[in-house]
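J.: From first to last, the protein sequence lines are chains A and B.
Residue 474, in our numbering, is where the first sequence stops; the numbers in between run on with no holes.
Residue 1139, in our numbering, is where the second sequence stops; the numbers in between run on with no holes.
Let me begin by handing over the structure; questions about it come next.
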Amino acid sequence: MTDFVLSGNYAIGILIAFGIVWVAWGWYLGRNNRTIEDYALAGRNVGFAMATATAMATWITSNTTLVAPQLTYQFGVWGMLGYSMAALGLLLFAPLAERIKTLLPEGFTSGDFIYTRYGRFAWGAFIIISLCYALGWLVSLGMAGGLLLSSLSELDYMTGMTAILIICVGYTLLGGLKAVIATDFVQSVVIISGVVIVAWVCIDKVGFSTMHTTLTTQQPELLNLLFPAAVMFFFNNIFFGIGEIFHSNVWWSRAFAFGKGIGKKSYLAAGLLWLPIPIVTGFIALAASSLNLIPPSADMVGPMVAAKLLGSIGAVFIFIIVFSALASSMDSLLAATSDLLTQDIYKKLLRPNAGSDQLLRMNRYIVIGLGVGTWCVAAFKLATLGALLNFTGAFVASTIWPIVYGLFRPKLNGTWAGIAMVAGTSAGLIGYFVVGFYVAALLSCGVSLVCCRIGIWRSTEEYQWRELKEEEQS
Amino acid sequence: MTWGNRWRLASLAVLICYCFVSGKVMADGVEPPDAISKDGTVNLDWQSDYAGYEQLVIRNASGERFAAYPVVEGQSWSLSGLSDGTYHIELSGGNETKTISTLQVDHYSLRSALSLFGAGLLLFGYLIFTLKRGTASHD
Chain A
1 MTDFVLSGNY AIGILIAFGI VWVAWGWYLG RNNRTIEDYA LAGRNVGFAM ATATAMATWI
61 TSNTTLVAPQ LTYQFGVWGM LGYSMAALGL LLFAPLAERI KTLLPEGFTS GDFIYTRYGR
121 FAWGAFIIIS LCYALGWLVS LGMAGGLLLS SLSELDYMTG MTAILIICVG YTLLGGLKAV
181 IATDFVQSVV IISGVVIVAW VCIDKVGFST MHTTLTTQQP ELLNLLFPAA VMFFFNNIFF
241 GIGEIFHSNV WWSRAFAFGK GIGKKSYLAA GLLWLPIPIV TGFIALAASS LNLIPPSADM
301 VGPMVAAKLL GSIGAVFIFI IVFSALASSM DSLLAATSDL LTQDIYKKLL RPNAGSDQLL
361 RMNRYIVIGL GVGTWCVAAF KLATLGALLN FTGAFVASTI WPIVYGLFRP KLNGTWAGIA
421 MVAGTSAGLI GYFVVGFYVA ALLSCGVSLV CCRIGIWRST EEYQWRELKE EEQS
Chain B
1001 MTWGNRWRLA SLAVLICYCF VSGKVMADGV EPPDAISKDG TVNLDWQSDY AGYEQLVIRN
1061 ASGERFAAYP VVEGQSWSLS GLSDGTYHIE LSGGNETKTI STLQVDHYSL RSALSLFGAG
1121 LLLFGYLIFT LKRGTASHD
């Protein structure tokens, strides 16, 4: 709890108002969805402004509003800078988005590409990794909703977690990707305005000089540029961010949904706009000791500092910003994961001849199922947000090289791509448990690269790119 | 020598070692820390008998007061940013003081951290090179 908590009734009122607005808007946007393409890919013709806003807003999430302050509180200046480097994921995905759209103009999911390019073994490994990541991220978002409410209001963790899940499942279910993109646009404006105001108040009320003096005395390692754990964390976070974006259907589905020639420009613009945001949100965590605050867990430091700085009105303000950030990511993840399960599991394995209506219906059932599944896991609150997210780093970083080589180098085959993902993930998990979360993604990516290089070196055949289009047309 | 005698001899050796080590610790007056941190962070859970205290005080090895925070009933603590050393974490209220933990911070070696940083930098450079070459060859 902070010094400035919203009353339970006030918090419930905001949640209900939010819920009604987002769900009604989702219904309005989705009322003309007739086919699975309308629902899952917004008709494949999203323009530059919407495309940039949705890419940026989706990447502003619990990562940036809760975990960036957490990592700054734990790793100091390196934590803040390291987190902002996750923008490299968006920037480096820009050329990939263009290549994806060129190779698979009618594609649906990242799983489609892996299946066609590498075959069943690599696809199996990829789907397991994707689902572990998607569930980990969904659970972390649900947890963040619960933590937000319990730190800013008199409501408990379970109420907050349940509320954000019901609202996001509601409007994603009714509106599909169109609702996700439109709400992301508004949410991104709210989030950016909000974090800038909070940082401004922090500098104005606390000041750089006070923060520096207090940190030097009480938390000296946070200002140390040779802080060992933070130095280890820096590149780990970069590869984690790149792995998240390169493999996830959240970003592939956008590459398919954006109009021709839009993907590359949008991802570049979104990356550049996103880059300073974790620095702004992380920075406020450095004011915690100056404000005589000590959080009960590191992931609550952001909301606690903001509420202390802005008082009771500020608690409402922060509540809305963080709720927008969480919703903008959760809706995207629900939509993209349901597409992946519909296309890659239901259609590919269970009902190859399913029509558009059947797929649309199944997609909606899966959105509900994902919401229920997330609630069940998040209810246990097993780890801090940062630890949970970084656990998935061991999985996703192993997919970076199979994706890059799969799109640009024809010599890597499915067996070695699959081995790279399995071996990389195993190495990352060993690093996670033996050393710490700050090495998991780095080890995973390194081992995966070695396996891919061996595969390319041993390969005698070359993949023909036209096979992708032929497979897609058939 | 029979197996029974070997076991007895081994037990005696372990006992002698234990006495030597524990005797040294007691002689130096140094108690082993409750927690060891490799990254300067530590989480302390709330316990019901902490109610009634007003401040959480952190002292360094020489007993110097280093930081103090108000106690909020029912709320745990997450400390961070501590340098190498031994810290005594106490609760104080009125005239009472209670030591709740002794923490030893021993950061990872900078050499291994920089090695990992270098490996990350190389890997990242290679990724940029691969993407640039791939994009150029398919433009």
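Beta carbons are placed, not taken as given, at the ideal position from N, Cα and C, and that holds for glycine.
Which two residues bound the contiguous beta strand (DSSP E) that contains residue 1065 (chain B)?
T.: By one-based count along the second sequence, residue 1065 (chain B) stands at place 65. Here the beta strand (DSSP E) through residue 1065 (chain B) covers 1065-1070.
J.: In whole angstroms, what separates the C-alpha of residue 1065 (chain B) from that of residue 1102 (chain B)?
T.: Your numbering for residue 1065 (chain B) matches position 65 in the second sequence. Your numbering for residue 1102 (chain B) matches position 102 in the second sequence. Near 14 Å, if we compare the C-alpha coordinates of residue 1102 (chain B) and residue 1065 (chain B).
J.: What are the boundary residues of the beta strand (DSSP E) that includes residue 1103 (chain B)?
T.: Mapped onto the second sequence, residue 1103 (chain B) falls at position 103. Taken as a continuous stretch (DSSP letters only), the beta strand (DSSP E) holding residue 1103 (chain B) covers 1096-1105.
J.: For the beta strand (DSSP E) containing residue 47 (chain A), list its first residue and its last residue.
T.: Along the first sequence, one-based indexing puts residue 47 (chain A) at 47. Element bounds for residue 47 (chain A): n/a, residue is neither H nor E.
J.: With a threshold of 8 Å between beta-carbons, can residue 1098 (chain B) be considered close to chain A, or not?
T.: If you number the second sequence from 1, residue 1098 (chain B) lands on position 98. Output row for residue 1098 (chain B): interface = no.
J.: Interface residues of chain B around residue 459 (chain A) at Cβ under 7 Å?
T.: Position 459 of the first sequence holds residue 459 (chain A). Ordered by position in chain B, no residue passes the 7 Å Cβ test against residue 459 (chain A), which lies about 16 Å from the chain.
J.: For chain A, find out if any of its Cβ atoms is closer than 8 Å to the Cβ of residue 1028 (chain B); answer yes or no.
T.: The sequence position of residue 1028 (chain B) within the second sequence is 28, counting from 1. Any answer about residue 1028 (chain B) is weak, because its pLDDT of 47 lies below 50 and its placement is not dependable; what the coordinates show is given next. Not closer than 8 Å to any Cβ of chain A, the Cβ of residue 1028 (chain B) fails to qualify, so no.
J.: Applying the criterion that 16 or more other CB atoms from any shown protein chain within 10 Å of the CB defines a buried residue, is residue 17 (chain A) buried or exposed?
T.: Looking up residue 17 (chain A) in the first sequence gives position 17. Residue 17 (chain A) comes out exposed.
J.: If you count every other CB in all the chains shown that lies within 10 Å of the CB of residue 457 (chain A), and 16 or more means buried, which is it?
T.: Indexing the first sequence from 1 puts residue 457 (chain A) at position 457. Flag for residue 457 (chain A) reads exposed.
J.: Compare the beta carbon distance of residue 149 (chain A) and residue 141 (chain A) with 8 Å and say whether it is the shorter of the two.
T.: Residue 149 (chain A) sits at position 149 when you count from the first residue of the first sequence. Residue 141 (chain A) sits at position 141 when you count from the first residue of the first sequence. Not a contact, by the Cβ cut-off of 8 Å.
J.: Less than 8 Å between CB atoms is the rule here; does residue 1087 (chain B) satisfy it with respect to chain A?
T.: Working through the second sequence from its first residue, we reach residue 1087 (chain B) at position 87. Not an interface residue.
J.: Is residue 105 (chain A) buried or exposed, if buried means 16 or more other CB atoms sit within 10 Å of its CB?
T.: Your numbering for residue 105 (chain A) matches position 105 in the first sequence. Residue 105 (chain A) is exposed by the Cβ-count criterion.
J.: Assuming residue 255 (chain A) contacts residue 454 (chain A) under a Cβ cut-off of 8 Å, what Cβ separation, rounded to an integer in Å, is found between them?
T.: For the purposes of this step, residue 255 (chain A) is taken as the residue at position 255 of the first sequence. For the purposes of this step, residue 454 (chain A) is taken as the residue at position 454 of the first sequence. That pair is no contact at about 29 Å.
J.: Quick one: which residues of the segment 294-314 of chain A get their C-beta closer than 7 Å to a C-beta of chain B? List them in chain order.
T.: 294, 295, 296, 297, 298
J.: Note down, in chain order, all residues in the segment 1098-1127 of chain B with a beta-carbon under 8 Å from any beta-carbon belonging to chain A.
T.: 1107, 1108, 1109, 1110, 1112, 1113, 1114, 1116, 1117, 1119, 1120, 1121, 1123, 1124, 1126, 1127
J.: Taking the alpha carbon of residue 432 (chain A) as the point to measure from, which residue in A:128, A:372, A:240, A:89 has its own alpha carbon closest?
T.: As a position in the first sequence, residue 432 (chain A) is number 432, starting the count at 1. Nearest C-alpha to residue 432 (chain A): A:240.
J.: Locate the beta strand (DSSP E) running through residue 1077 (chain B), then write down its first and last residues.
T.: Position 77 of the second sequence, counted from the start, is the residue given in the question as residue 1077 (chain B). Counting along the chain, the beta strand (DSSP E) containing residue 1077 (chain B) begins and ends at 1077-1079.
J.: Where residue 132 (chain A) and residue 395 (chain A) are concerned, what is the direct C-alpha to C-alpha distance, given to the nearest angstrom?
T.: In the first sequence, residue 132 (chain A) corresponds to position 132, counting from 1. In the first sequence, residue 395 (chain A) corresponds to position 395, counting from 1. Each residue's Cα considered, the two are about 8 Å apart.
J.: If you draw a straight line from the alpha carbon of residue 314 (chain A) to that of residue 235 (chain A), how long is it in whole angstroms?
T.: Translated into the one-based positions of the first sequence, residue 314 (chain A) becomes position 314. Translated into the one-based positions of the first sequence, residue 235 (chain A) becomes position 235. Distance between the alpha carbons of residue 314 (chain A) and residue 235 (chain A) is about 34 Å.
J.: Taking only the alpha-carbon atoms, compute the straight-line gap between residue 399 (chain A) and residue 109 (chain A) and give it to the nearest angstrom.
T.: The count along the first sequence starts at 1 and reaches residue 399 (chain A) at position 399. The count along the first sequence starts at 1 and reaches residue 109 (chain A) at position 109. Roughly 15 Å separates the two Cα atoms.
J.: Is DSSP giving residue 116 (chain A) helix, strand or coil here?
T.: Here the question's residue 116 (chain A) lines up with position 116 in the first sequence. Three-state result, residue 116 (chain A): helix.
J.: Are there three or more Cβ pairs, one per stretch, closer than 8 Å when the segment 291-305 of chain A is compared with the segment 57-73 of chain A?
T.: yes
J.: With 9 Å as the limit, tell me which residues of the segment 1046-1070 of chain B have their beta carbon closer than that to any beta carbon of chain A; keep them in chain order.
T.: 1046, 1056, 1058, 1066, 1067, 1068, 1069, 1070
J.: Starting from residue 1044 (chain B), trace the beta strand (DSSP E) in both directions and tell me its first and last residue.
T.: The residue labelled residue 1044 (chain B) in the question sits at position 44 within the second sequence. Note, residue 1044 (chain B): beta strand (DSSP E), 1042-1044.
J.: From A:194, A:264, A:308, pick the residue whose C-alpha is nearest to that of residue 205 (chain A); which is it?
T.: Counted from its first residue, the first sequence places residue 205 (chain A) at position 205. The candidate whose alpha carbon is nearest that of residue 205 (chain A) is A:308.
J.: Pop quiz: residue 1083 (chain B) and residue 98 (chain A) are said to be a contact at Cβ under 8 Å. What is the actual Cβ separation, rounded to whole angstroms?
T.: Working through the second sequence from its first residue, we reach residue 1083 (chain B) at position 83. Working through the first sequence from its first residue, we reach residue 98 (chain A) at position 98. Not quite, the Cβ-Cβ distance comes to about 48 Å (not below 8 Å), so this is no contact.
J.: Rounded to whole angstroms, what's the CA-CA distance from residue 1107 (chain B) to residue 443 (chain A)? Just pull it up for me.
T.: For the purposes of this step, residue 1107 (chain B) is taken as residue 107 along the second sequence, with counting starting at 1. For the purposes of this step, residue 443 (chain A) is taken as residue 443 along the first sequence, with counting starting at 1. Each residue's Cα considered, the two are about 20 Å apart.
J.: For the beta strand (DSSP E) holding residue 1035 (chain B), just list the boundary residues, first then last.
T.: For the purposes of this step, residue 1035 (chain B) is taken as residue 35 along the second sequence, with counting starting at 1. Where residue 1035 (chain B) is concerned, the enclosing beta strand (DSSP E) stretches over 1035-1037.
J.: Since residue 70 (chain A) sits in a beta bridge, which residues does DSSP pair it with?
T.: Looking up residue 70 (chain A) in the first sequence gives position 70. BP columns for residue 70 (chain A) are empty, so no partner.
J.: Taking only the alpha-carbon atoms, compute the straight-line gap between residue 83 (chain A) and residue 184 (chain A) and give it to the nearest angstrom.
T.: Indexing the first sequence from 1 puts residue 83 (chain A) at position 83. Indexing the first sequence from 1 puts residue 184 (chain A) at position 184. Rounded to the nearest angstrom, the two C-alpha atoms are 21 Å apart.
J.: Quick one: what's residue 1055 (chain B) bridged to in DSSP?
T.: Position 55 of the second sequence, counting from 1, holds the residue named residue 1055 (chain B). Residue 1055 (chain B) is bridged to B:1070, B:1092.
J.: Considering only DSSP beta bridges, list what residue 6 (chain A) is partnered with.
T.: As a first step, residue 6 (chain A) is located in the first sequence; it is residue number 6 there, counting from the start. Under the DSSP definition of a beta bridge, residue 6 (chain A) partners with A:153.
J.: Buried or exposed, going by whether 16 or more other CB atoms sit within 10 Å of the CB of residue 349 (chain A)?
T.: Position 349 of the first sequence, counted from the start, is the residue given in the question as residue 349 (chain A). Flag for residue 349 (chain A) reads exposed.
J.: Looking at residue 46 (chain A): is its Cβ nearer than 8 Å to the Cβ of residue 181 (chain A)?
T.: Counted from its first residue, the first sequence places residue 46 (chain A) at position 46. Counted from its first residue, the first sequence places residue 181 (chain A) at position 181. Going by C-beta atoms, residue 46 (chain A) is nearer than 8 Å to residue 181 (chain A).
J.: Of all Cβ atoms in chain B, is any one closer than 8 Å to the Cβ of residue 229 (chain A)?
T.: Working through the first sequence from its first residue, we reach residue 229 (chain A) at position 229. Yes, residue 229 (chain A) counts as interfacial toward chain B.
J.: Once DSSP output is grouped into helix, strand and coil, what is the label at residue 1125 (chain B)?
T.: Along the second sequence, one-based indexing puts residue 1125 (chain B) at 125. Helix at residue 1125 (chain B).
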